[in-house]
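In my numbering, the protein residues as written are 277 to 361.
A virtual CB, placed ideally from N, CA and C, is assigned to each residue, including glycine.
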Amino acid sequence: MRNQITDMFELKVYTEKSVFVGEVEDVLIDVESKKMESVVVGKLNQQLVDIKNYKGLKIPFRIIRSIGDIIIIRHLPGAFSPSEK
């Protein structure tokens with residue numbers, strides 16, 4: 277199934293383990309290869325351990341598992357685990 281790139285803006289991004297990461301703010305495209313390179317995620321979940329104080333995050337297309345009503349990405353151990361306070 278093909279999606280319009282503009283349909284991806286403001287989609288919520290979650291990991292496979294249901295951890296909210298943020299919302300899509302932009303999409304980066306490699307014009308020469310005509311392929312999507314990554315999505316830029318903003319409004320980040322500040323409860324995530326390794327991305328505190330970041331305003332945005334580039335998520336490579338290769339770790340995106342599915343795109344629909346939300347975007348699901350592969351869970352990267354340690355990168356997207358909720359902080360334990």
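- Assigned with DSSP and collapsed to three states, residue 281 falls in helix.
- In the DSSP assignment, residue 311 falls within the beta strand (DSSP E) that extends over 311 to 318.
- In the three-state DSSP reduction, residue 346 falls in the coil class, being neither helix nor strand.
- In the DSSP assignment, no residue is bridged to residue 332.
- Exclusion of the five residues before and after residue 332 leaves 316, 318 as the residues of its chain whose Cβ lies within less than 6 Å of its Cβ.
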